[in-house]
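Which chain is which? The protein sequence lines are D and F, in order. The numbering of the first sequence is this note's numbering, which starts it at 1 and goes up by one. The numbering of the second sequence is this note's numbering, which starts it at 1001 and goes up by one. Note that beta-carbon positions come from the ideal geometry of N, C-alpha and C, so glycine has one too.
2 protein chains.
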Amino acid sequence: MVDGICEIKSVDRQKVIRVKEEMLSYTDVQELANIYKAMGDETRITILYALSCAELCVCELTQLLDISQSAISHQLRLLRNLRLVKYRKEGKQVFYSLDDEHILNLFSQGIAHIQHR
Amino acid sequence: MVDGICEIKSVDRQKVIRVKEEMLSYTDVQELANIYKAMGDETRITILYALSCAELCVCELTQLLDISQSAISHQLRLLRNLRLVKYRKEGKQVFYSLDDEHILNLFSQGIAHIQHR
DNA sequence: ATAACACATGAGCATGTATTCATATAAAGA
DNA sequence: TCTTTATATGAATACATGCTCATGTGTTAT
């Protein structure tokens, strides 16, 4: 292969050009990657799934998750920055919930995938 | 907070117990994380998206992706192991395609999410 | 005012991961 | 057979990430 271009005659240049035109923009790819990256961690999946069941404060999440309160707060900040969760303060407590119904759909598609095999 | 249990009287123990019962199993969480982790990388998203447009050989992917052929092969192996792509040999070439229609749904949900804001 | 509590955050560390480089393998052609 | 081409893979490296620990911030209660 020379310069990433294989010389096989049968390579369908037209197909490659067509696919190139259909490709996602770089910013779209980045945004998609951020969402899937957010869901690509066992702790965050557990948090998001728990929040899909009920609105929960940090303390309650800590009771559900077997890791430190600090670790959970760090992950919540990440999810907040990506706008996957929103929060509401009530006295000393902070209650988190899902910010977007699409996340539920992402979950159900993912679950459909693992059940499919 | 003592031992991960906050003493606020208003904390709804019943709610926490109910959520705990609804939680995903650890293996489900792991499998979900693996899928999202696979899609949580810009290179892999680009590969998967390209394959959603057409069946492509490694050489054609190399023309589309601006990284080395080696890097692409490494990523394809990962996607193969997760059964997100399948392949077909034809002489020297190896043609890859998506292994599962759920991935398209995962994409469309993700795209819906980034367009939603 | 002071203490206790719920939560957030910075630092540091250990582990994971994505890439390149060099090289191996396998098919096709000369 | 010897070379070229298409792909795969192991090693090394640079970077990202998830956790804990220590501490900071803001709120409530005494």
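Just verifying my parser: in three-state terms, what is the DSSP assignment at residue i?
{"i": "leucine 1082/F", "result": "coil"}
{"i": "glutamate 101/D", "result": "coil"}
{"i": "glycine 31/D", "result": "Here the sequence assigns glutamate to residue 31/D, which means glycine is not the residue at that position. Note: glutamate 31/D maps to helix in three-state DSSP."}
{"i": "aspartate 3/D", "result": "A caution first: aspartate 3/D carries a pLDDT of 48, below 50, which makes its placement in the model too unreliable to give a value."}
{"i": "valine 16/D", "result": "helix"}
{"i": "lysine 9/D", "result": "Residue confidence for lysine 9/D is low, a pLDDT of 49 falling below 50, so the modelled location carries little weight and cannot support an answer."}
What is the C-beta distance between residue i and residue j, in whole angstroms, given that I count them as a contact (C-beta under 8 Å)?
{"i": "phenylalanine 95/D", "j": "leucine 56/D", "result": "7 Å"}
{"i": "isoleucine 72/D", "j": "valine 58/D", "result": "6 Å"}
{"i": "methionine 1023/F", "j": "alanine 112/D", "result": "The Cβ separation is near 19 Å, so there is no contact."}
{"i": "aspartate 1041/F", "j": "alanine 33/D", "result": "6 Å"}
{"i": "aspartate 1028/F", "j": "isoleucine 17/D", "result": "In fact, because the Cβ distance is near 41 Å, the residues do not count as touching under 8 Å."}
May I ask which residues mark the beginning and end of the beta strand (DSSP E) holding residue i?
{"i": "leucine 24/D", "result": "Per DSSP, leucine 24/D belongs to no beta strand (DSSP E) and is neither H nor E."}
{"i": "serine 1097/F", "result": "1093-1098"}
Which residue wins for smallest C-alpha separation from residue i, given the options the options?
{"i": "asparagine 105/D", "options": "Lys92/D, Met39/D, Arg88/D, Ala71/D", "result": "Met39/D"}
{"i": "leucine 79/D", "options": "Gln63/D, Val19/D, Ile67/D, Asp99/D", "result": "Asp99/D"}
{"i": "isoleucine 103/D", "options": "Gly1110/F, Thr1062/F, Ser1097/F, Leu1032/F", "result": "Gly1110/F"}
{"i": "glutamine 1075/F", "options": "Leu1032/F, Lys1037/F, Cys1053/F", "result": "Lys1037/F"}
{"i": "threonine 1043/F", "options": "Ile1114/F, Gln1030/F, Glu1031/F, Gln1069/F", "result": "Gln1069/F"}
{"i": "glutamate 101/D", "options": "Val16/D, Gln63/D, Tyr26/D, Arg83/D", "result": "Arg83/D"}
{"i": "tyrosine 1026/F", "options": "Glu90/D, Ile47/D, Glu31/D, Val85/D", "result": "Ile47/D"}
{"i": "histidine 116/D", "options": "Lys1020/F, Glu1031/F, His1116/F", "result": "Glu1031/F"}
{"i": "glutamine 93/D", "options": "Arg18/D, Ile17/D, Thr62/D, Lys15/D", "result": "Thr62/D"}
{"i": "lysine 15/D", "options": "Ala1033/F, Val1029/F, Asp1041/F, Ala1054/F", "result": "Ala1054/F"}
{"i": "isoleucine 1107/F", "options": "Ile35/D, Val19/D, Ile17/D", "result": "According to the sequence shown, residue 1107/F is phenylalanine rather than isoleucine. Comparing Cα-Cα distances from phenylalanine 1107/F to each of Ile35/D, Val19/D, Ile17/D, the minimum goes to Ile35/D."}
{"i": "glutamate 1060/F", "options": "Lys1020/F, Ile1017/F, Glu1021/F, Ser1097/F", "result": "Ser1097/F"}
{"i": "lysine 20/D", "options": "Ser1052/F, Val1085/F, Lys1020/F", "result": "Ser1052/F"}
So the alpha helix (DSSP H) residue i belongs to, where does it begin and stop?
{"i": "alanine 1050/F", "result": "1042-1053"}
Any C-beta of chain D within less than 7 Å: which residues of the stretch 1013-1038 of chain F qualify?
Lys1015, Val1016, Val1019, Lys1020, Glu1022, Met1023, Leu1024, Asp1028, Val1029, Gln1030, Glu1031, Leu1032, Ala1033, Ile1035, Tyr1036, Lys1037
Along the stretch 83-109 of chain D, what residues have a CB closer than 7 Å to any CB found in chain F?
Arg83, Gln93, Asp100, His102, Asn105, Leu106, Gln109
Of the residues that make up the stretch 1052-1066 of chain F, which ones have a beta carbon closer than 8 Å to any beta carbon in chain D?
Cys1053, Ala1054, Leu1056, Cys1057, Cys1059, Glu1060, Thr1062, Gln1063, Leu1064
Between the stretch 69-83 of chain D and chain F, which residues of the former have CB atoms less than 9 Å from a CB of the latter, in chain order?
Gln69, Arg83
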